[in-house]
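For the sequence shown, our numbering begins at 242 and goes up steadily by one.
Each remark here refers to the structure printed beneath this line.
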Amino acid sequence: MSDCIFCRIATGDLPANLAYEDEDVVAFHDLHPQAPTHILVIPRQHFSTLLDMEEEQTLLLGKLQRAAIEIARQQGLDQEGFRVVTNCLESAGQSVFHLHVHLLGGRAFTWPPG
């Protein structure tokens, strides 16, 4: 989608501070971090929300989580802990409608969130 900012990052049309990439997934540092480490993990393929994922995307969902784990280890978050969050729809806090996972770490988190 040419008007989707995350699609443009995934294709390299927009610059981003990349933390990870492979054939299916791209991860980059959030421009407005909510924690010392705040990285967005996205599929290269456009899906607006988590609700758009069907059974045939199960492997891709797993790849997003595996990428988050690998990045957490690279960032040294595996010792102190981290949070992985996927917001779905506006009332849950989704502001960019390209499926993405937030990897947050480097500080203590409270529960319940938000």
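We put the CB at the ideal spot given by N, CA and C, even for glycine.
| By the 10 Å Cβ neighbour count, where 16 or more other Cβ atoms means buried, how is H194 classified, buried or exposed? | The structure shown does not extend to residue 194, since the chain spans only 242 to 355, so no value can be given for it.
| request: Using 10 angstroms around the beta-carbon of P277, count the other beta-carbons present and answer buried if the total reaches 16, otherwise exposed. | output: exposed
| query | For H270, which residues does DSSP report across the bridge? | reply | Looking at the DSSP assignment, H270 forms a beta bridge with I280.
| field | Residue from L255, D244, E296 and R285 whose Cα sits closest to the Cα of L340 | value | Selected option, being the one with the closest Cα: R285.
| query | For G334, is the classification buried or exposed, using 16 other Cβ atoms within 10 angstroms of its Cβ as the cut-off for buried? | reply | Exposure of G334 is indicated by the presence of fewer than 16 other C-beta atoms within 10 angstroms of its C-beta.
| query | For the 8 angstroms Cβ check, are there 3 or more pairs between the region 243 to 255 and the region 281 to 297? | reply | yes
| request: Apply the 10 Å Cβ neighbour rule to L318 and answer buried if 16 or more other Cβ atoms are within range, or exposed otherwise. | output: By the neighbour-count criterion, in which 16 or more other beta carbons inside 10 Å mark a residue as buried, L318 falls on the buried side.
| Under a three-way DSSP split, which group does F247 fall into? | In this structure, F247 counts as helix in the three-state DSSP scheme.
| field | Reduced DSSP secondary structure (H/G/I, E/B, other) of L259 | value | strand
| Bridge partners - V326, DSSP secondary structure assignment | DSSP, once it has assigned bridges, lists H343 as partnering V326.
| request: Could you check the C-alpha separation between F269 and E297 for me, to the nearest Å? | output: 25 angstroms
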